[in-house]
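Heads up: the structure comes next, in structure tokens.
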């Protein structure tokens, strides 16, 4: 009896990444160790995503952009979130290394039902607030913007400080707050 792919994505990869971070901060691991460990976790996640993509088409119910800003180098959480949302039937576009001007064409081409921004540090609060203000002008007032990620582990009121509609690290809560239905919830209602 082996581990389920969903458990690896939802539990083990995030916990391994968290432990790498703790050991980095405590000076038990060096830069090379953390970089190699993170790279291996991302490779494992990519392999699991490829396996998941080969499971066949799912009914798509909503479209979400998952964004990691150009100034943020922590992408693993956004990759995990993207896979979790896709598993729920959400059509998800992962945009990494985003600055507003270069992302604008993608945001215009695909009208998303919500935008989720993964952020790791309060050092980027001012930049994030400006980005969200521009994003709101472009996407419209009716497109909910959610900030998540390790930035929420601070005692700051991230929602208020950034101008986002919501702030949460829980994908299911983010979808509920944005009033987005998943294929799983649609299937449960139909069955």
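In my numbering, the protein residues as written are 23 to 213. Ideal Cβ placement from N, Cα and C applies to all residues, glycine included.
Under 8 Å Cβ to Cβ from residue i, same chain only, skipping five residues before and after it: list those, please.
i: residue 35; result: 63, 66, 67, 98 and 102
i: residue 132; result: 85, 87 and 115
i: residue 4; result: No statement about residue 4 is possible, as the shown extent of the chain runs from 23 to 213 and does not include it.
i: residue 202; result: 83, 84, 86, 112, 135 and 136
What span of residues does the beta strand (DSSP E) with residue i cover, start to end?
i: residue 136; result: 136–140
i: residue 105; result: No beta strand (DSSP E) holds residue 105; the alpha helix (DSSP H) holding it covers 98–109.
i: residue 116; result: 113–120
i: residue 87; result: 85–91
Provide the residue(s) that pair with residue i in DSSP beta bridges, ordered along the chain.
i: residue 189; result: 169
What residues in its chain sit with their C-beta under 7 Å from that of residue i, if we drop five residues either side in the sequence?
i: residue 156; result: 122
i: residue 55; result: none
i: residue 120; result: 89, 90, 91 and 92
i: residue 147; result: 183 and 184
Return the CA-CA distance between residue i and residue j, expressed in angstroms with no decimal places.
i: residue 241; j: residue 127; result: Past the boundaries of the shown model lies residue 241; the chain is included only from 23 to 213, so the question cannot be answered.
i: residue 29; j: residue 107; result: 14 Å
i: residue 69; j: residue 105; result: 11 Å
i: residue 166; j: residue 197; result: 10 Å
i: residue 153; j: residue 24; result: 43 Å
i: residue 143; j: residue 26; result: 31 Å
i: residue 38; j: residue 134; result: 31 Å
i: residue 61; j: residue 161; result: 33 Å
i: residue 149; j: residue 192; result: 23 Å
i: residue 125; j: residue 110; result: 25 Å
i: residue 181; j: residue 113; result: 24 Å
i: residue 49; j: residue 183; result: 31 Å
i: residue 96; j: residue 90; result: 8 Å
i: residue 43; j: residue 129; result: 32 Å
i: residue 179; j: residue 173; result: 10 Å
i: residue 92; j: residue 204; result: 29 Å
i: residue 177; j: residue 52; result: 28 Å
i: residue 33; j: residue 40; result: 11 Å
i: residue 163; j: residue 175; result: 27 Å
i: residue 194; j: residue 118; result: 22 Å
i: residue 94; j: residue 145; result: 10 Å
Considering just the uninterrupted stretch of the alpha helix (DSSP H) at residue i, what are its terminal residues?
i: residue 33; result: Per DSSP, residue 33 belongs to no alpha helix (DSSP H) and is neither H nor E.
i: residue 154; result: 147–161
i: residue 183; result: 180–184
Here's a check: name, in chain order, each residue in its chain whose Cβ is nearer than 6 Å to the Cβ of residue i, leaving out the five neighbours to either side.
i: residue 158; result: none
i: residue 46; result: 56
i: residue 171; result: 99, 140, 141 and 142
i: residue 59; result: 42
For a test of your reading of the model: does the CB of residue i fall under 8 Å from any non-hydrogen atom of the ligand NAD? Yes or no.
i: residue 193; result: Judged by which ligands are present, the structure shown has none, so any question about the ligand NAD falls away.
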